[in-house]
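Accompanying notes for the structure given below.
Chains as they are written, first to last, in this note's numbering: chain A, 1 to 476; chain B, 1 to 476.
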């Protein structure tokens with residue numbers, strides 16, 4: 001494709017995306033295709049001769065759009081948000097257009113240096129401790145990973161490196177994200193060496209006293225307590241573990257403290273929400289939060305900071321001959337390939353840089369506050385309605401609640417709630433997801449898309465009530 | 001950013017990229033910035049108020065472009081190519097614009113189904129075996145990973161799962177990519193359990209007899225031989241391990257055979273180069289090649305196929321409540337989160353689909369053939385010149401050779417070759433990299449950018465000769 005052809009088709013694609021963003025609301029939120037339907041609508045074999053890009057764009061409308069669930073829809077309330085935004089898309093486009101490799105400082109210095117800058121900017125914005133800053137002469141630093149899952153693997157490797165040889169043990173709670181168990185499997189620590197610490201049944205936050213006991217038991221039994229993962233904003237209900245108390249225990253036992261703030265961490269752009277990081281400054285060895293969830297930056301952009309990058313680099317660094325270069329040998333530069341699992345890396349800093357510059361601290365705070373406000377509004381609706389039981393913790397953008405089904409067993413109630421959820425999602429008017437707490441299925445409304453306005457959450461709430469009423473009215 | 005603002009700035013960014021691609025040749029290939037220079041040219045702290053996107057674009061020219069090494073420059077011959085192309089950039093742009101998450105089939109069916117389709121298309125194009133196809137009722141399948149490094153981790157995990165408990169051992173050669181050692185570290189197999197099998201000193205290909213011995217020794221010593229990595233096109237010199245003979249040994253011992261064809265695998269779009277995959281159809285348990293190197297598809301796009309996906313899914317699958325859904329429970333769909341380290345995933349299939357459709361099989365073959373031809377041309381130049389010694393193996397796009405420094409020791413010759421390389425790269429006229437074989441530093445010219453024409457390789461060769469002559473003429 002010549003540059004001129006790229007210019008022509010590029011404008012068409014930009015127009016398509018602008019139109020898509022302007023009209024996303026017209027699509028049913030969740031795709032209605034059946035398994036196999038998308039694939040069956042496309043040729044089974046690749047073309048022998050090249051086709052026009054118009055053909056690709058035609059299939060986009062015909063096959064792809066009906067086959068996707070619209071995560072950018074203002075009534076998408078599932079899982080957690082996956083924010084996209086104009087400046088992020090453009091930053092990503094610049095990255096694709098430049099097509100550089102950032103595996104080493106030397107392979108494109110700006111790719112590394114802009115990244116060290118923007119992760120420091122983000123640390124500023126979130127008021128994270130100075131020891132996380134990426135000064136070449138400091139011990140700490142930040143890096144963009146593809147996901148908090150990969151960041152968890154890196155944290156486990158660093159913690160294991162620091163702990164030395166032995167039978168390593170990791171500590172999580174029942175509410176910790178499944179990626180920690182996955183990291184234990186990937187790293188060979190093994191699920192048998194993941195201790196699940198009890199949570200407080202009211203708050204679903206990790207019980208520090210139980211953590212302390214577990215670590216003491218393991219020390220006595222000859223294990224090496226290696227890493228504790230504390231979560232700030234769990235996936236299920238955005239519970240917040242008591243990081244300060246957990247950190248004190250970690251310090252006493254010399255255990256690495258990883259703080260998983262994948263979803264909620266970015267909320268610290270707002271000073272009034274910075275309580276969420278209480279204890280992080282003093283105790284966290286590593287900390288991860290995902291601008292690709294609630295901070296307007298397209299997936300993938302998960303930022304991991306470390307107070308001391310040395311054990312991570314020791315765990316991951318290998319320098320084959322063909323990558324040797326004077327900048328690396330000088331020790332004056334950061335080589336990010338030693339901070340991640342892959343070797344190659346895209347210029348992901350461009351999108352986070354574009355987002356922070358376009359919105360400014362002010363705009364980012366306004367975005368988070370709007371999500372918190374809308375969530376507060378929905379929570380108020382639920383609290384005022386005797387047909388529903390509100391989960392009392394909703395400080396961020398997630399509201400959990402369950403419909404009450406008088407006269408039904410818990411099992412039947414759960415089944416009814418799942419049926420309600422399916423009907424809502426089948427309607428195409430909104431998309432929600434669910435979780436299970438203490439045996440009860442809860443509906444989850446995660447609010448935080450930049451397109452979501454008051455009318456969307458109001459309308460979602462009315463729909464939920466209407467579907468519930470209609471189910472209640474049906475003969476059993 | 002409103003859709004209309006996105007339309008306006010999007011067109012500007014498209015124009016910038018079109019202009020960049022049209023004029024990339026005017027930049028020095030390698031960035032000349034010093035460590036810290038890029039960062040120092042930008043504000044130390046994030047802006048409080050949002051800025052115009054014009055400011056971002058202005059800094060792109062002022063700071064970013066001088067700070068990058070131009071991997072898309074027609075005279076970039078370093079490492080391996082990192083091909084970008086118009087349709088790939090546009091496919092990536094569509095992915096960013098749609099902003100969907102493909103972690104599960106259910107979270108956006110088209111993201112999964114288009115991926116199963118295009119990896120099957122690519123298997124067709126490369127004439128890979130039918131057992132790698134992603135039929136829902138078959139055992140095998142393909143998946144897009146970010147890199148061959150991550151694919152290696154996944155392969156090790158699958159191999160370990162199949163092998164069961166025990167002291168696992170991996171087998172590589174001295175020419176195997178460092179990502180295999182990295183995978184051994186990440187997975188906890190440990191570098192002590194990576195056996196480095198000798199290579200034939202003439203071809204640098206793994207010696208199957210030595211592999212057989214190593215495995216037999218390990219079995220006798222109570223280890224569990226778990227995986228052999230055979231490479232098709234090593235990073236150093238594009239050596240090709242004898243996959244068929246290695247595969248027979250693997251089969252006899254029940255060891256997983258992973259084939260790393262990260263660079264060279266895509267060359268099999270050309271029937272005349274399919275000898276490179278001899279033995280793959282019969283013996284490979286997993287196979288990886290990177291369209292993001294030499295097949296016109298922007299990083300990241302590394303395709304991993306498995307003959308049996310079950311051990312991988314067993315090693316990586318965890319299903320927390322919030323991800324449960326009817327499609328997953330039905331078993332009728334592929335959930336790619338179980339095929340990779342991260343949970344979340346971008347819609348990367350769009351770019352590979354765009355590339356295959358735009359170029360067609362015909363266009364992809366023409367692209368690879370052009371690289372092979374140009375490499376053959378350079379190799380001819382080197383062979384005809386008594387001042388240089390050609391490394392005799394150059395079937396793909398890589399040509400390795402060394403300048404001869406009469407009267408110098410090997411150490412001094414290597415230093416002189418490195419000085420020559422630095423002078424060439426400092427000139428900005430071309431960028432090359434190096435490797436070391438049997439104690440000798442070799443220069444590497446990796447040809448394969450779609451922008452590279454005959455004049456660029458001719459001009460690079462003249463420059464190399466001129467710099468060499470000028471060094472020879474200097475007083476010692």
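Glycine included, every Cβ here is placed at the ideal spot set by N, Cα and C.
The model shown is predicted, which means the values in this text are computed figures rather than measured ones.
(message) Determine, for residue 484/B, whether the minimum Cβ-Cβ distance to residues of chain A falls below 8 Å.
(response) The first residue shown for chain B is 1 and the last is 476, placing residue 484/B beyond what the model contains.
(message) Contact criterion: CB-CB distance below 8 Å. Does residue 277/A meet it with respect to chain B?
(response) Numbered from its first residue, the first chain carries residue 277/A at position 277. No, its Cβ sits nowhere closer than 8 Å to a Cβ of chain B.
(request) Have a look at residue 29/A and residue 75/A and give me their C-alpha separation to the nearest angstrom. (result) Taking the first residue of the first chain as 1, we reach residue 29/A at position 29. Taking the first residue of the first chain as 1, we reach residue 75/A at position 75. Roughly 7 Å separates the two Cα atoms.
(message) By the 9 Å beta-carbon criterion, what residues does the segment 223–256 of chain B contribute toward chain A?
(response) Residues of the segment 223–256 of chain B with a C-beta less than 9 Å from any C-beta of chain A: 235, 236, listed in chain order.
(request) Check residue 253/A in the structure and name its three-state DSSP category. (result) In the first chain, residue 253/A corresponds to position 253, counting from 1. It is helical.
(request) Taking C-beta pairs closer than 7 Å, name the residues in chain E that residue 354/B reaches, listed in chain order. (result) The chain inventory of the structure shown lacks chain E, comprising the protein chains A and B.
(message) Taking the straight line between their C-alpha atoms, what separation do you get for residue 115/A and residue 142/A?
(response) Along the first chain, read from residue 1 onward, the residue named residue 115/A stands at position 115. Along the first chain, read from residue 1 onward, the residue named residue 142/A stands at position 142. Taking the straight line joining both Cα atoms gives about 8 Å.
(request) Along the alpha helix (DSSP H) that carries residue 13/A, what are the first and last residues, could you check? (result) By one-based count along the first chain, residue 13/A stands at place 13. Looking at the DSSP string, the run of the alpha helix (DSSP H) that includes residue 13/A is 3–23.
(message) Please tell me whether residue 352/A and residue 145/A are closer than 8 Å, where the distance is taken between their beta carbons.
(response) Here residue 352/A refers to the residue found at position 352 of the first chain. Here residue 145/A refers to the residue found at position 145 of the first chain. Residue 352/A is not a Cβ neighbour of residue 145/A, given a cutoff of 8 Å.
(message) To be precise: take each residue of the segment 322–342 of chain A, compare its Cβ to all Cβ atoms of chain B, and keep it if any distance is under 7 Å. Which residues remain?
(response) Sequence-ordered contacts of the segment 322–342 of chain A with chain B read 322, 327, 332, 333, 341, 342 [C-beta pairs closer than 7 Å].
(request) Give a yes or no on whether the C-beta atoms belonging to residue 374/A and residue 454/A are separated by under 8 Å. (result) The residue labelled residue 374/A in the question sits at position 374 within the first chain. The residue labelled residue 454/A in the question sits at position 454 within the first chain. Contact flag set, yes.
(message) Would the segment 124–141 of chain A count as touching the segment 222–232 of chain A if we require 3 or more Cβ pairs under 8 Å?
(response) The answer is no - the segment 222–232 of chain A does not touch the segment 124–141 of chain A, with fewer than three Cβ pairs under 8 Å.
(request) Please classify residue 140/B: is it buried, with 16 or more other beta-carbons within 10 angstroms of its beta-carbon, or exposed? (result) Numbered from 1 along the second chain, position 140 holds the residue referred to as residue 140/B. Under this definition residue 140/B is a buried residue.
(message) My output table needs one value for residue 111/A: the three-state DSSP class, helix, strand or coil.
(response) Walking along the first chain from the start, residue 111/A turns up at place 111. Residue state, collapsed to three classes: helix.
(request) Any chance you could list the beta strand (DSSP E) runs of at least 3 consecutive residues sitting entirely within the segment 358–410 of chain A, in chain order? (result) As far as the segment 358–410 of chain A is concerned, its whole beta strand (DSSP E) runs of at least 3 residues are 388–390, 398–403.
(request) Could you tell me whether the Cβ atoms of residue 361/A and residue 46/B are closer together than 8 Å? (result) On the first chain, position 361 is the one that residue 361/A refers to. On the second chain, position 46 is the one that residue 46/B refers to. Yes, these two residues count as a Cβ contact at 8 Å.
(request) From the DSSP output, in three-state form, read off residue 189/B for me. (result) Within the second chain, residue 189/B is the residue found at index 189, counting from 1. Assigned with DSSP and collapsed to three states, residue 189/B falls in coil, not helix or strand.
(request) Return the first residue and the last residue of the beta strand (DSSP E) that residue 140/A is part of. (result) Taking the first residue of the first chain as position 1, residue 140/A is located at position 140. Per DSSP, residue 140/A belongs to no beta strand (DSSP E) and is neither H nor E.
(request) Anything in chain A within Cβ reach of residue 13/B, meaning under 7 Å, just list it in chain order. (result) Numbered from 1 along the second chain, position 13 holds the residue referred to as residue 13/B. Going along chain A in sequence order, the residues near residue 13/B (Cβ under 7 Å) are 90, 93, 94.
(request) Taking the CB atoms as reference points, tell me whether residue 379/A and residue 394/A lie closer together than 8 Å. (result) For the purposes of this step, residue 379/A is identified with residue 379 of the first chain, where counting begins at 1. For the purposes of this step, residue 394/A is identified with residue 394 of the first chain, where counting begins at 1. Yes, these two residues count as a Cβ contact at 8 Å.
(request) Determine the direct distance from the alpha carbon of residue 402/B to that of residue 464/B, and round the result to whole angstroms. (result) Translated into the one-based positions of the second chain, residue 464/B becomes position 464. Translated into the one-based positions of the second chain, residue 402/B becomes position 402. If you take the alpha carbons of residue 464/B and residue 402/B, they lie about 11 Å apart.
(request) With a 10 Å radius around its C-beta and 16 neighbouring C-beta atoms as the bar for buried, classify residue 275/A as buried or exposed. (result) Indexing the first chain from 1 puts residue 275/A at position 275. Exposed, because fewer than 16 other Cβ atoms sit within 10 Å of the Cβ of residue 275/A.
(message) Does the segment 63–80 of chain B come into contact with the segment 443–451 of chain B, if we say contact requires no fewer than three beta-carbon pairs (one atom in each stretch) closer than 8 Å?
(response) Touching, per the Cβ criterion.
(message) Please classify residue 470/B as buried or exposed, where buried requires at least 16 other C-beta atoms within 10 Å of its C-beta.
(response) For the purposes of this step, residue 470/B is identified with residue 470 of the second chain, where counting begins at 1. The residue in question, residue 470/B, is exposed, as its Cβ has fewer than 16 Cβ neighbours within 10 Å.
(request) Determine the chain A residues that contact residue 72/B at a beta-carbon separation under 7 Å, and present them in chain order. (result) Taking the first residue of the second chain as position 1, residue 72/B is located at position 72. Chain A residues near residue 72/B: 99.
(message) For residue 205/A and residue 267/A, I'd like the C-alpha separation in whole angstroms.
(response) Taking the first residue of the first chain as 1, we reach residue 205/A at position 205. Taking the first residue of the first chain as 1, we reach residue 267/A at position 267. Computed Cα separation, rounded: 19 Å.
(request) In angstroms with no decimal places, state the Cα-to-Cα distance between residue 399/A and residue 468/A. (result) Residue mapping note: residue 399/A aligns to position 399 of the first chain, counting from 1. Residue mapping note: residue 468/A aligns to position 468 of the first chain, counting from 1. Between residue 399/A and residue 468/A, the C-alpha separation is close to 17 Å.
(message) With a threshold of 8 Å on Cβ separation, who are the neighbours of residue 310/B within its own chain once the five nearest residues in sequence on each side are excluded?
(response) For the purposes of this step, residue 310/B is identified with residue 310 of the second chain, where counting begins at 1. 139.
(request) Tell me, to the nearest whole angstrom, how far the beta carbon of residue 84/B is from that of residue 96/A; I am working on the premise that it is less than 8 Å. (result) For the purposes of this step, residue 84/B is identified with residue 84 of the second chain, where counting begins at 1. For the purposes of this step, residue 96/A is identified with residue 96 of the first chain, where counting begins at 1. Contact holds; Cβ gap of about 7 Å.
(request) Classify residue 60/B as helix, strand or coil using the three-state DSSP reduction. (result) Counted from its first residue, the second chain places residue 60/B at position 60. Of the three classes helix, strand and coil, the one that applies to residue 60/B here is helix, per DSSP.
(message) I'd like to know whether the C-beta of residue 320/B is nearer than 8 Å to at least one C-beta of chain A.
(response) Start at 1 with the first residue of the second chain, and residue 320/B comes out as number 320. It does; some Cβ of chain A falls within 8 Å.
(request) Please name the residues in the segment 304–317 of chain B whose beta-carbon is closer than 7 Å to at least one beta-carbon of chain A, in chain order. (result) Residues 315, 316.
(message) Cβ closer than 8 Å: which chain A residues qualify as neighbours of residue 47/B?
(response) For the purposes of this step, residue 47/B is taken as residue 47 along the second chain, with counting starting at 1. Simply 356, 357, 360, 361.
(request) Would you mind stating whether residue 313/A and residue 377/A have Cβ atoms separated by less than 8 Å? (result) For the purposes of this step, residue 313/A is taken as the residue at position 313 of the first chain. For the purposes of this step, residue 377/A is taken as the residue at position 377 of the first chain. Taking C-beta atoms as the reference points, residue 313/A and residue 377/A fail to come closer than 8 Å.
(request) Count the other C-beta atoms from every protein chain shown that fall within 10 angstroms of the C-beta of residue 201/A, then say buried if there are 16 or more, exposed otherwise. (result) Counting from one through the first chain, the residue named residue 201/A turns up at place 201. The C-beta of residue 201/A has fewer than 16 other C-beta atoms within 10 Å across all chains shown, which makes the residue exposed.
(message) Are the CB atoms of residue 255/B and residue 280/B within a distance shorter than 8 Å?
(response) Translated into positions along the second chain, residue 280/B becomes position 280. Translated into positions along the second chain, residue 255/B becomes position 255. Note that the C-beta distance between residue 280/B and residue 255/B is not below 8 Å.
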